[in-house]
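Trainee: Input: one structure, supplied below.
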Amino acid sequence: MMLLALDIWFILEKVALIATIIGLSFFIAMYTTYAERKVAAWLQDRRGPNRAGPFGLFQPLADGGKLFFKEEIIPLTSNRFLFILGPALAMITALLTSSVIPWGASYVDGSINIPLQVADVDMGVLIVFGIVSVGVYGIMIGGWSSNNKFSLLAAIRGASQMVSYELPMGLALIAVLLMTGSLKMSVIVSHQIEHGWHILYQPLGFIIFFVCALAECNRTPFDLPEAENELNFGYHQEYSSMKLGFYLFAEYINMFISSAVMATLYFGGYDIPFVNESAWGLSPLMFSLMSFAVLMAKVLFFLFVFIWIRWTIPRFRYDQLMNLGWKKLIPLSLVNMLLTAALTLWLNK
Amino acid sequence: MSTMRLTDRAKAVDRRPMTFLESLYLWSILKGMATTLKHLFRKKVTIEYPEEKRPFSPVFRGLHVLNRDAEGRENCTACGLCAVACPAEAITMEAAERLPSEENLYREEKYAAKYEINMLRCIFCGLCEEACPKDAIYLSQTFAPANYGRKGFIYKKEELLIPHPINQREAYEKALGDRKPAVKA
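In order, the protein sequence lines correspond to chains U and A.
Numbered per this note's numbering, the first sequence spans residues 1 to 349.
Numbered per this note's numbering, the second sequence spans residues 1001 to 1185.
The following block contains the structure:
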C-alpha cells in the first residue's frame, strides 16, 4: 500500500468544498451586515438601507467598495509586521473553524460517498476550541502593535474576556461530550438524529454555551473590546481601509461559524425534527441539498438572535462581565457537567 | 411632612440586592427582547423624503411671493412698510413712478423698481405680510432651496413675483397654492 498515493479526485473534491464554504462564509457575512442594519432599523421602527438596489440589497457591496478605496494608513510608531499580521490572523482563524463542521448529510450514490465536511477528524470539537482560542491573538496583536493606549486597553480587555468565557463554554461542552461519547462532529450530529436534539437534554448547557458564544464573538452585550464610547473604537482604532474591513468581516464570519457550531452541537445539525427524512426516498443530491438547507435555516435563525440581542440590551460593565463569567457561569456549568455525568452513569448502569 | 405629588405614577425603586437568578439577567433580557420583537411588527415611522413629503401646517411661513391682482398688475406700491416692519432688516426696495404706458403692469402710480429679500437674514416671521396694506406680499408654502453662495440667497423681484394670472394661468395657480386669490382692495 502506498501511503503517499494521493487521489486527485479526493483533492479536487476537498478544494471545491473549501472554496464553496469560504465563498459562502463571505457571502453570509456580507449579508449579515445588511441584515444587522435592517433588523436594527426595524427594531427601532425605521426602514433601514433601501437606496442601493432593490430593498437596498447592494448596500453591502457599496460598503465593501468604500473600504477598498479608503486610504491605507499604517502608523509610523506601530510595528509594521505585527500590524499587518493582526487582521490576517483574525480572518484566518475565523475561516479555519468551518473546516470541521458537517454542512449537510453525505452525498451517497452507489460507491461514491462525499461527506459535506472538509475534515471529519476525531477531535473535531477540540479543533474548534483550539482555533477560537488562537483568535484572541488577532485582537491582541492588532491592538498591541498599533502602539495606541486605547487599542492596547481594548486588546487586553478582549483577551481576558475571551479567556474567561472559554472556560464555561468548554465546561458546557463537556456535558454534551459525556452524552455522545465522541469529539467527532459527525458522530455528535448522528447521535442527535437517533436520540433527539441535545437542547432537550442540555437546556442550561445551551444557554451557557450561547452566552459564551456572544462573548467569544465580541458581540453586544460583551462588545467591550470595541466599546465605542469609552475606547473610541477599540482594538482596531488605528486600522483603516481593508485591514479594518478584515476585522469587521472576521467578526461577522465568527458569528456565522459559531451559529453553525451551536446548531450542530445542540440543534441536531442538518436534522429535521419529528420526521425521518432519510425514508422519503429522495435522490442523493436532493437529500444532501435539503439537509444543507435545513442547517442554513438554523444558522440564519441564530444570526437573527445575535442581531436581535445586540439591538435590545446595552453593554455590560467590565466588572459585571467578569462577575458573570467567573462567579455565575462557571459554577453553573460545573453543576451542569456534574449532573450530566452522574445521570449518564446512573442511566447506563 | 407634606408629600407633594404631581401625578400618581411615582413608583418606589426596589433596591433589594439581586438574587442569584436575577443576577444572571436572563429573565430581564428575555423581557427586553420581547419588547423589541413587538417593535419589529410596528408601523415604520420613516417618511421617505424625496418621494414622500410631510404636509406643511396651514400656517407655515415659507418663501415670499409678490402678489398681482386679477388682471396681472403688481400690487406693490413700494411704500416701504414691510421693510420697516422687518425685524431682520432683510428687505430692500427702490420706488419708481409709473409711466402712462405702464398702466397694465402696475396697479397704482408708484411701484417697486427694485425689490430684494435676503433669505439668509429673513427669519420668516411674516411681519411684512401683516404690515402690507396692499396685500402685495405674502409667505408661501415653499422654502429656499440650497445654494452654493450667499449671493444666490438674495432674491430679486423676478424670483419673488407671482406668475401672471392670465398669461401663465397654471403656474399662477400653482404658486397661489391653497391661498385664496387676492380680494380687490
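Beta carbons: idealized from backbone N, C-alpha and C, even for Gly.
Here the structure is a predicted model, which means the values were calculated and not measured.
Determine the burial state of K1038/A: buried for a count of at least 16 other Cβ atoms within 10 Å of its Cβ, exposed for fewer.
Mentor: Indexing the second sequence from 1 puts residue 1038/A at position 38. Exposed, by the Cβ-count rule.
Trainee: Is the distance from the Cβ of N1104/A to the Cβ of I1162/A below 8 Å?
Mentor: The residue you call residue 1104/A lines up with position 104 of the second sequence. The residue you call residue 1162/A lines up with position 162 of the second sequence. Not a contact, by the Cβ cut-off of 8 Å.
Trainee: Looking only at its chain, what residues have a beta carbon closer than 6 Å to the beta carbon of L285/U, apart from the 5 residues adjacent to it on each side?
Mentor: As a first step, residue 285/U is located in the first sequence; it is residue number 285 there, counting from the start. The answer is none, since no qualifying residue turns up.
Trainee: Within the same chain, show all residues whose beta-carbon is closer than 7 Å to that of A263/U, passing over the 5 residues directly before and after it, in chain order.
Mentor: Position 263 of the first sequence, counted from the first residue, corresponds to residue 263/U. Correct list, in chain order: G269, L295, K298, V299, F302.
Trainee: Is DSSP giving D359/U helix, strand or coil here?
Mentor: Residue 359/U cannot be examined here, being either before or after the span of chain U that is shown, 1 to 349.
Trainee: By alpha-carbon positions, which one of A155/U, F206/U, V134/U, S186/U ends up nearest to P168/U?
Mentor: To locate residue 168/U, count along the first sequence from 1; it is residue 168. Cα-wise, what sits closest to P168/U is F206/U.
Trainee: For F1060/A, which residues from the same chain have a beta carbon less than 6 Å from its beta carbon, with the 5 sequence-adjacent residues on both sides left out?
Mentor: Mapped onto the second sequence, residue 1060/A falls at position 60. Closer than 6 Å at the Cβ level, and outside the excluded window around F1060/A, lie Q1141.
Trainee: Would you mind telling me which residues of chain A sit closer than 8 Å to Q44/U, beta carbon to beta carbon, in chain order?
Mentor: Here residue 44/U corresponds to residue number 44 of the first sequence, with the count starting at 1. Those are H1039, listed as they occur along chain A.
Trainee: Verify whether the separation of the beta carbon atoms of T93/U and V134/U is less than 8 Å.
Mentor: Taking the first sequence and counting its residues from 1, the one referred to as residue 93/U is at position 93. Taking the first sequence and counting its residues from 1, the one referred to as residue 134/U is at position 134. Contact: yes.
Trainee: So that I know if they touch, is there some Cβ in chain A lying closer than 8 Å to that of W308/U?
Mentor: As a position in the first sequence, residue 308/U is number 308, starting the count at 1. Closer than 8 Å to some Cβ of chain A, the Cβ of W308/U qualifies, so yes.
Trainee: Skipping 5 residues on each side, what residues in its chain have a beta carbon closer than 8 Å to that of K1184/A?
Mentor: Here residue 1184/A refers to the residue found at position 184 of the second sequence. Any answer about K1184/A is weak, because its pLDDT of 43 lies below 50 and its placement is not dependable; what the coordinates show is given next. Around K1184/A: D1069, A1070.
Trainee: For N1118/A, list the residues DSSP reports as bridge partners.
Mentor: Mapped onto the second sequence, residue 1118/A falls at position 118. Answer is I1154/A.
Trainee: To be precise: take each residue of the segment 10-39 of chain U, compare its Cβ to all Cβ atoms of chain A, and keep it if any distance is under 9 Å. Which residues remain?
Mentor: Listed in sequence order: V39.
Trainee: In chain order, what residues of the same chain have a beta carbon less than 6 Å from the beta carbon of I272/U, not counting five sequence neighbours either side?
Mentor: What you label residue 272/U is simply residue 272 of the first sequence in a count that begins at 1. If we look at I272/U and ignore the five residues flanking it on each side, its Cβ neighbours are V294.
Trainee: Tell me, please, whether the CB atom of W311/U is closer than 8 Å to any CB atom in chain A?
Mentor: Taking the first sequence and counting its residues from 1, one reaches residue 311/U at position 311. Answer yes: the Cβ-Cβ gap between W311/U and chain A drops below 8 Å somewhere.
Trainee: How would you list, in chain order, the residues of chain U whose beta-carbon sits under 9 Å from the beta-carbon of M1033/A?
Mentor: Taking the first residue of the second sequence as position 1, residue 1033/A is located at position 33. Simply V305, W308, I309, T312, I313.
Trainee: Can you find a CB in chain A that lies within less than 8 Å of the CB of R47/U?
Mentor: To locate residue 47/U, count along the first sequence from 1; it is residue 47. For R47/U, the answer is yes, since a Cβ of chain A falls inside 8 Å of its Cβ.
Trainee: Under 7 Å between beta-carbons, which chain A residues line up against K328/U? List them in chain order, please.
Mentor: Residue 328/U sits at position 328 when you count from the first residue of the first sequence. Chain A residues near K328/U: S1023, L1024.
Trainee: Tell me the DSSP secondary structure of A1012/A in three-state form.
Mentor: Taking the first residue of the second sequence as 1, we reach residue 1012/A at position 12. Coil at A1012/A, not helix or strand.
Trainee: By DSSP, does H1039/A sit in helix, in strand, or in coil?
Mentor: Start at 1 with the first residue of the second sequence, and residue 1039/A comes out as number 39. H1039/A falls in the helix class under three-state DSSP.
Trainee: Under 8 Å Cβ-Cβ, which residues of chain U neighbour V1045/A?
Mentor: Here residue 1045/A corresponds to residue number 45 of the second sequence, with the count starting at 1. Under the 8 Å cutoff, chain U gives D45, R46.
Trainee: With DSSP collapsed to three states, give me the class of K1184/A.
Mentor: Counting from 1 along the second sequence, the entry for residue 1184/A is found at position 184. Below a pLDDT of 50, predicted positions are generally treated as unreliable, and K1184/A, at 43, falls in that range; the measurement from the model is reported next regardless. Coil.
Trainee: Which term fits H1064/A, buried or exposed, when burial requires 16 or more other beta carbons within 10 angstroms of its beta carbon?
Mentor: The residue given as residue 1064/A occupies position 64 in the second sequence. With 16 or more Cβ atoms within 10 Å of its Cβ, H1064/A is classed as buried.
Trainee: Could you check whether the segment 85-100 of chain U touches the segment 249-259 of chain U, counting it as contact only if at least three pairs of C-beta atoms, one from each stretch, sit closer than 8 Å?
Mentor: Because the criterion of three Cβ pairs below 8 Å is met, the segment 85-100 of chain U and the segment 249-259 of chain U touch.
Trainee: Below 7 Å on C-beta distance, what does T1036/A contact in chain U?
Mentor: Taking the second sequence and counting its residues from 1, one reaches residue 1036/A at position 36. Simply L43, W308, W311, T312.
Trainee: At a Cβ threshold of 8 Å, is V1183/A touching chain U?
Mentor: Here residue 1183/A is taken as the residue at index 183 of the second sequence, counted from 1. Low confidence applies to V1183/A: its pLDDT is 48, below 50, so where it sits in the model is not reliable, and the reading given next is rough at best. No - not a single Cβ of chain U is within 8 Å of the one on V1183/A.
Trainee: Along chain U, which residues have their Cβ under 8 Å away from the Cβ of R1068/A?
Mentor: By one-based count along the second sequence, residue 1068/A stands at place 68. What R1068/A touches in chain U: nothing, since even the nearest Cβ is about 42 Å away.
Trainee: E1094/A lies in the alpha helix (DSSP H); which residues open and close that run?
Mentor: Within the second sequence, residue 1094/A is the residue found at index 94, counting from 1. Per DSSP, E1094/A belongs to no alpha helix (DSSP H); it is in the beta strand (DSSP E), 1091-1097.
Trainee: May I ask you to verify whether the segment 313-324 of chain U touches the segment 216-232 of chain U, counting CB pairs closer than 8 Å and requiring at least 3?
Mentor: Yes, the segment 313-324 of chain U touches the segment 216-232 of chain U.
Trainee: Between P1165/A, C1076/A, C1082/A, G1149/A, which lies nearest to F1124/A when the distance is taken from Cα to Cα?
Mentor: By 1-based counting over the second sequence, the position of residue 1124/A is 124. Nearest of P1165/A, C1076/A, C1082/A, G1149/A to F1124/A, Cα basis: C1082/A.
Trainee: Classify T312/U as buried or exposed, calling it buried when 16 or more other Cβ atoms lie within 10 Å of its own Cβ.
Mentor: Counting from 1 along the first sequence, the entry for residue 312/U is found at position 312. The residue in question, T312/U, is buried, as its Cβ has 16 or more Cβ neighbours within 10 Å.
Trainee: Helix, strand or coil for E36/U? Go by DSSP, reduced to three states.
Mentor: Within the first sequence, residue 36/U is the residue found at index 36, counting from 1. In this structure, E36/U counts as helix in the three-state DSSP scheme.
Trainee: Whole angstroms are fine: how far does the CA of I8/U sit from the CA of I114/U?
Mentor: Start at 1 with the first residue of the first sequence, and residue 114/U comes out as number 114. Start at 1 with the first residue of the first sequence, and residue 8/U comes out as number 8. Between I114/U and I8/U, the C-alpha separation is close to 14 Å.
Trainee: Under a CB-based cut-off of 8 Å, is R1042/A close to chain U?
Mentor: Along the second sequence, one-based indexing puts residue 1042/A at 42. By this cut-off, R1042/A is an interface position.
Trainee: Who are I1137/A's beta bridge partners in DSSP?
Mentor: Counted from its first residue, the second sequence places residue 1137/A at position 137. BP columns for I1137/A point to L1066/A.
Trainee: Between which two residues does the alpha helix (DSSP H) holding L200/U run?
Mentor: As a working note, residue 200/U is residue 200 in the first sequence. Element bounds for L200/U: 198-201.
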